[in-house]
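Here the structure is laid out as structure tokens; the discussion comes afterwards.
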Amino acid sequence: MKNEVITIDLGSNSFRVLKYDYLNFKIIDEYHQVTGLADGLIDSGIISFEALNRVVEALCIAKDKLNFNPNNAVCVTTAAMRKAKNSNEALEYIVKNSGAKFKIIDAEEEARLTLLAIKYALKREKIDTQNFTLLDIGGGSTELTISFEDKIYTKSFDFGIVTMTQKALKDGKLFEDLRNQEIVIKEFLATLDFSIKDFPFIATAGTPTTIASIKLGYSYFNYDKNVVNGTILDIEDLENSLKLLKEKSLEELVALVGKGRVEYLEIGTYIYKLFFNVLEKSKSIVLDDGLREGVAIDYALSLK
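Residue 71 in full-length UniProt numbering is what sits at position 71 of the sequence shown, and the numbering runs on without skipping anything.
And the structure:
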């Protein structure tokens, strides 16, 4: 098929691949895997050899499943590579062992591309809103973007589910960290010269989609993004998620949310709750679309 592009988003915890029909703006196929790129980053400051090998292995599996040449893929990577002291060496290792050439994008570009995907998703889901607040909870950073009358206001916060979990395990100061981050978020919101009180609160990435999936009665193994897209969550749904994590065994949780996700879901839920409270929202719309879709749409638009 000539009119297709492969886009790859290598995040701090997840590896997501999309095969996209850029003429008709349609998803052909996709693949995702937890690679844990940021494992140990908070302590060492580097991307580990083990994590790089997991990425190379994931690329090999994705290449076979989606039938593509990694050399031709449009590949981006985010917070973990931005933070790592050995990012150049890490990227060289990946290209040498897989052929995939990753570009480190900054937080502003990450937010722009994710927002692009969300705008298309809102049209697809027939959610008619020009003004909205978008939360993207990543592994190494968290982005808050306000779309208001064709203008974009975005802030990347230096915490994510992986880095905050690892820091909390190390120093035991999770709730102190959350309180400190609340101050930083409020400082950003104070710079806005308009009210976001009536703006829909949209959330993307693994934590919101996982909580939505659980609410709908799905598990990791029968996850259906078409059902999850547009799901409404409230604070009670987040509280139920935290309760579930305490009540279920590790084996049950892995079956429910997938390997490599269980250990970060609690912190992710606390981060999600933090934004619910700071933004003073009673509900949130969940969308599965994110960076890899944004990269694909951006590629398609560049050809017009």
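Here a beta-carbon is modelled for each residue, glycine too, at the ideal position from N, C-alpha and C.
Quick one, which of the options has its alpha-carbon nearest residue i's?
i    : options                   : result
A296 : G11, L189 and I28         : I28
L66  : K19, F25, V56 and G40     : K19
Y220 : V257, C60, Y120 and V262  : V257
Y264 : L279, I211, T154 and K83  : I211
T154 : K173, Q166, A255 and F132 : F132
S87  : D234, I232, I161 and S44  : S44
A80  : E109, N13 and Y299        : N13
R54  : A84, V184, A90 and R82    : A90
F148 : L37, L253, N69 and S195   : S195
K63  : V5, T165 and A117         : V5
K83  : G160, K2, N229 and F199   : G160
I183 : T207, F199, P208 and F157 : F157
R124 : N226, E252, S249 and R261 : N226
E30  : F68, V56 and A255         : F68
Between residue i and the rest of its own chain, which residues show a CB-CB distance below 6 angstroms, the 5 nearest in sequence each way excluded?
i           : result
R16         : D9, H32 and R292
residue 308 : This structure cannot settle anything about residue 308, because the visible part of the chain is limited to 1 through 304.
T7          : L18, V74, R292, V295 and A296
E50         : none
K281        : F201
G40         : S48
A58         : F15, Q33 and T35
S284        : F201, A203 and L233
L245        : E266
I46         : A84, K85 and N86
Tell me the DSSP secondary structure of residue i in three-state form.
i    : result
F159 : coil
F148 : strand
Q166 : helix
D234 : strand
K281 : coil
Q181 : helix
K83  : helix
L192 : coil
K103 : strand
Y153 : strand
T142 : strand
Could you please give the first and the last residue of the uninterrupted alpha helix (DSSP H) stretch that includes residue i?
i           : result
R112        : A107 to R124
A62         : F49 to L66
S44         : L41 to S44
K259        : From DSSP, K259 is part of no alpha helix (DSSP H); its letter is neither H nor E.
residue 327 : This structure leaves residue 327 out entirely; the chain is present only between 1 and 304.
K248        : No alpha helix (DSSP H) holds K248; DSSP gives it neither H nor E.
N226        : K225 to V228
Start and end of the beta strand (DSSP E) containing residue i?
i    : result
R16  : S14 to D21
A203 : F201 to T204
I8   : E4 to L10
Y31  : K26 to V34
L134 : F132 to I137
T77  : V74 to T77
Can you give me the Cβ contacts of residue i inside the same chain, cut-off strictly under 8 angstroms, excluding the 5 residues immediately before and after it?
i    : result
F120 : Position check: residue 120 holds Tyr in this sequence, whereas Phe was assumed. Correct list, in chain order: F25, D289, E293 and I297.
I152 : A111, R112, L115, T145 and I146
K197 : E280
G11  : L37, T77, T78, A79, A80, G138, G139, G140 and L291
A168 : L174, D177 and I267
Skipping 5 residues on each side, what residues in its chain have a beta carbon closer than 7 angstroms to that of residue i?
i           : result
L303        : Y22
K186        : V278
Y223        : S213
A100        : I8, L59, P70, A73, C75 and I94
residue 305 : Within the shown structure, residues of the chain are numbered from 1 to 304, placing residue 305 beyond reach of any answer.
Touch check for the segment 126-136 and the segment 92-103: three-plus C-beta pairs under 8 angstroms? no
Is there contact between the segment 234-254 and the segment 270-283, where contact requires at least three CB pairs shorter than 8 angstroms? yes
Sufficient close CB pairs (3 or more, under 8 angstroms) joining the segment 102-120 to the segment 68-87: yes
Quick test of the definition: if touching needs 3 or more C-beta pairs under 8 angstroms, does the segment 168-176 touch the segment 190-206? no
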